[in-house]
Amino acid sequence: MTIRNLDYLFNPQSVALIGASTQPGSVGAVLARNLFGAGFSGPVMPVNPKYVAVEGVLAYKDVASLPLAPDLAVIATPPDTVPRLIAELGARGTRAAVVITAGFKETGNSRGAALQQAMLEAAQPHLLRVVGPNCVGIMVPGRGLNASFAHLSPRRGRLAFVAQSGAVITAVMDWAQPRGVGFSHLVSLGDVVDVDFGDMLDYLAGDPETDAILLYMEAVVNARKFMSAARAAARVKPVVVVKAGRSLAAARAAASHTGALAGNDAVYDAVFRRAGMLRVHTLDELFTAAEILATTRLPAGDRLAIISNGGGIGIMATDALAFMGGRLADLAPQTLAALDRVLPSTWSHGNPVDIIGDAPPQRYEAALAPLLQDPGVDAVLALHAPVAVANGVEAARAVVRAVKAQPGKTLVTSWVGDQVARAGRQVFAEHRIGTCRTPEEAVRAFMYLERYRSGRLALMETPPSVPEQFEPDAETARAVCRRAVEAGREWLSPDEVAALLRAYRIPQVQPHHADTPTAAAEAAAQIGAPVALKIRSPDIIHKTDVGGVALDLPNAQAVQRAAELMLERVTKNRPDAHIDGFQVEPMLDRSRSHELIVGIAVDPQFGPCVLFGQGGTAVEVLNDTALGLPPLNMRLAFDLMRQTRVHHLLKGHRGIPGANLGAVAQTLIKVAQLAADVAELAELDINPLLAGPDNVLAVDARVRVASVPDPSVPRLAIRPYPKSLEKPVVIGDGRHVLLRPILPEDEPPLQRSFERLTPEQVRLRFFVPMKELGHTLAARLTQIDYDREMALILTERGIPGTTEIFGVVRIAADPDNERAEYAVVVPEHMTGQGLGALLMREIIDYAASRGIREIWGDVLRENAAMLGLVRKLGFRVADDPDDPSLVRVTLDLTARRA
């Protein structure tokens, strides 16, 4: 389930409070006081056989006695009673419940777990949604609904706050009250037995009363649902998150470098970045971010101009900007000249702009005008410190006048201080201009705006095409890993690792296997000096740690001697290890290359993650790595690389040429594809991956495998490209084309295909005239979530992004996967070949296979061709009651699965 029946939860017409009480200080009494006192317009029906009335309202002895089925039930009775109550309520027609009661699975005992399961089983036949158990409750101030035992009634506002912790909910309410911060929703999820963060993100993304979504989370329950909901929500409104438990280590001890570096919190960082969410680390930062995002337009870029009436606070802001990774704007010559004309000769003559401590309000207004007009300035931070010779409130009003006269730029303010400055900040609050109490807080607020802006752009950025067509041999890779699992082995042998990398076209050093020191010397003579010598053992993962590596051996005699000493040394250090001989490899010239690490680690919640960073034997000490979620494309691969310090070195430094960044990015894509294709792969560690100016080369690699616990559970947090839907097709003119799902790289050809539509085709498809598709819409149509949408295209074979598109059909399902809206378009030059019918049949079959119950669409009444097509396909056609120019067409898919 996702948003099904959540309207009954957050916009009920009636509420029953089961466990209502008149005992002072009890949970039942506080719940009753809040429900009756918040202004809810519908009936609130207390249920408790002990009382005649609660809060002056007649009480009912049980659920059966209620005069009507409540939309929402709030339950605060002992845990043993809850499953039965849920069953009774569901049978009567209740569709939502908030279970305040504790004593379920969180107790850690089998009795609590059994009660929780019984509660779920009682709810499911009725599609009754449950918040909790063990929660504070829910509040919707705009509906007068306070179904909680919180100590305050929140103000109405446009921020939604969802938290697992009830204590955090009440603390945030206490924090918000004196600051005048209001909420559209406050939701305590408790033990998250049913309604979870994914459900709430889906619901709040579509809520017109919510401007920004704030989350406090401890863990995610359903990773794929969460990722789909988060990516969809972040496209339409800010989502700001605090994740508790940052200091926790990974859930298991890992043997490889990758596993050791891929800790729990680093995975969450990758998750939030991929979803386009803004992560902060304290509740104070959460609300700073929320307030600034809710009141301030996003900047066009990261170039900040600072204006202040004191050099000290301007310098503090500049230091904070540098520390947080921001950029001070370079003022244009005409801007400097304009400032010279309106400021005293003693002004700072640069950015930050110090307009001198005696600045009257008019000076703020005059100085802001050229800054707001400067094309090299993306945002302005206005600072003010209290002085005896100028009025801070009037200065604030002057700033308001200036920004209203030049409304195109982002403005953040900080009137520093408390008693005197407070009135100035109130002026900004009244005009919905972002304001903070300190220069550092104001800079941080600007950086939140910039991070959110760049994150949203990243979500919509078109990735470049992969430079080469990449077809891995996934079956060979799976077979290698499965044989090892079936044999009871955890680590692949060097030969198996080589076969795995070869299957995914990852360039690698070709080692020679030698059983004895003498054979190693012979291999060295064959290869040619110098060579590297490594011990072979399935029990030794880090060879260097036990003296199992020797480098730069100049000749065969040196190799034999080194092998003899190595065997002696390793046997002493690891007497338990089975030795399988030696590997002899050509010694590589690393003077023109960079040592990198590329790996895969499997997170218990989010599945496989791809790791990239600076490699070598000191990789844990350097700790210069970043994580990304598969699948990857070229843009995501480059973004992963940019998160590390080594990325700067890869561009070339001190005589070392730059690496082939495209080859590194392609390797990351291949590794991500390997993680998606081979379920048995538990860890992969390529260290080092040598990156040179021409190509990359895997020098050493290790792979751990494990059996798949439950093949039915999605392994990746983001559904990968569904290659199984690719199908060769012969169209009417005899051409052989490919039917396949759309990819983000397909935006350019989609734009070109749109240009070939006639104006009439555009109007019939989009209902309005459009001259071009535009990047934002085109990106939205190509960067789809395969778990909720599907778009199939007819195209030529070749590298995505470089081939022509001959037709597109798509469906977008609701979060419940019940109904899906369709759309289909074929350019004018391809009509008359039955492509529309072909595409519609393919998408109908796909929707039925996904379990979607109904496909629907709105069609212009005059679109005879489309109406004729859908009638042939079995769609029902009906008038649209709200728009006489449209008809609603629907196709019931349930019969196809019968």
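Note that the numbering used here has the sequence shown beginning at 161, numbered continuously upward. By construction, the Cβ of each residue, glycine as well, lies at the ideal position given by its N, Cα and C atoms. Remember, predicted model here, so these are calculated numbers, not experimental data.
Closest residue to residue i among the options (Cα-Cα distance)
i, options, result
"A825", "P791, G815 and L841", "P791"
"E554", "G584, Q717 and A542", "G584"
"D860", "Q743, F630, Y220 and A336", "Q743"
"G996", "E956, I891 and E610", "I891"
"S697", "G517, H738 and L834", "H738"
"G967", "T182, T991, R979 and D976", "T991"
"T448", "G350, G474 and T598", "T598"
"L531", "S913, I466 and G474", "I466"
"A262", "H286, A282 and I235", "I235"
"A450", "N382, Y612 and A426", "Y612"
"G358", "A492, E601 and I163", "I163"
"M1000", "R1031, E915 and P871", "R1031"
"K732", "P746, A310, G788 and V706", "V706"
"V547", "N469, L609 and Y363", "N469"
"I829", "N382, Y1006, Y168 and V770", "V770"
"D538", "D490, G179, G250 and S325", "D490"
"G250", "D763, P975, T595 and R289", "R289"
"L661", "A647, E646, D633 and W651", "D633"
"N129", "A835, R805, L841 and F798", "Beyond the ends of the chain as shown, which are 161 and 1058, falls residue 129; an answer cannot be given."
"P904", "A951, L226 and L481", "A951"
"D655", "L312, D740 and A689", "D740"
"G822", "A858, S344 and P627", "P627"
"E281", "H311, M299 and E248", "E248"
C-beta contact flag for residue i and residue j at 7 angstroms
i, j, result
"A663", "A637", "yes"
"L372", "P398", "Just to set this straight, residue 372 is Ala in the shown sequence, not Leu. It is a contact, given that the beta carbons lie within the stated cut-off."
"V400", "L346", "no"
"A229", "G253", "yes"
"A939", "M620", "yes"
"A558", "P521", "yes"
"L488", "N511", "yes"
"G552", "V572", "no"
"H754", "L810", "yes"
"S644", "V865", "Reading off the sequence, residue 644 comes out as Ala, not Ser. Yes, these two residues count as a Cβ contact at 7 angstroms."
"A477", "V355", "no"
"F200", "L305", "yes"
"N847", "G958", "no"
"I246", "M279", "yes"
"Y946", "P882", "yes"
"N793", "P901", "no"
Whole-angstrom C-beta distance between residue j and residue i, which should lie under 8 angstroms
i, j, result
"L917", "P987", "6 angstroms"
"A778", "Q803", "Not confirmed; about 19 angstroms, so no contact."
"G342", "R316", "5 angstroms"
"V831", "L844", "7 angstroms"
"G292", "V353", "7 angstroms"
"V214", "P206", "4 angstroms"
"F309", "V187", "5 angstroms"
"A257", "A233", "4 angstroms"
Bridge-paired residues (DSSP) for residue i
i, result
"H345", "A320"
"R289", "A256"
"K887", "L899"
"V863", "L844"
"R439", "V401"
"P746", "V691"
"M299", "N306 and L346"
"V1049", "G1017 and V1037"
"G485", "For G485, which the question treats as bridged, DSSP gives no partner whatsoever."
"M950", "I971"
Heavy atom of the ligand COA within 6 angstroms of residue i beta-carbon
i, result
"A555", "In terms of ligand content, the structure shown is empty, and the ligand COA therefore cannot be addressed."
What residue ranges within the segment 568-611 form continuous beta strand (DSSP E) runs of no fewer than 3 residues, ordered along the chain?
Taken in chain order, the complete beta strand (DSSP E) segments of 3 or more residues contained in the segment 568-611 are 570-575 and 594-596.
Considering only residues of the segment 168-232, which uninterrupted alpha helix (DSSP H) runs meet the minimum length of 4 residues and lie entirely inside it, listed in chain order?
Fully enclosed alpha helix (DSSP H) runs of 4 or longer: 187-197.
Restricting to runs no shorter than 4 residues, where is the alpha helix (DSSP H) found entirely within the segment 604-675?
634-646 and 654-663, all fully within the segment 604-675.
Counting only runs of 4+ residues fully inside the segment 749-794, write out the alpha helix (DSSP H) ranges in chain order.
Runs found: 779-782.
Length-filtered (4 minimum) alpha helix (DSSP H) runs lying within the segment 670-713:
Within the segment 670-713, the complete alpha helix (DSSP H) runs of at least 4 residues are 677-687.
Runs of alpha helix (DSSP H) lying entirely within the segment 1009-1035, each at least 4 residues, in chain order
DSSP runs (the alpha helix (DSSP H)) wholly in the segment 1009-1035: 1024-1032.
Which runs of the beta strand (DSSP E) spanning at least 3 residues fall entirely within the segment 532-570, listed in chain order?
Entirely contained in the segment 532-570, the beta strand (DSSP E) runs reaching 3 residues are, in chain order, 539-544.
What runs of the alpha helix (DSSP H), each 4 residues or longer, lie entirely inside the segment 904-941?
Counting only runs of 4 or more, we get 907-915 and 919-926.
Note down, one range per segment and in chain order, each beta strand (DSSP E) of at least 3 residues found wholly within the segment 355-397.
Runs found: 372-377.
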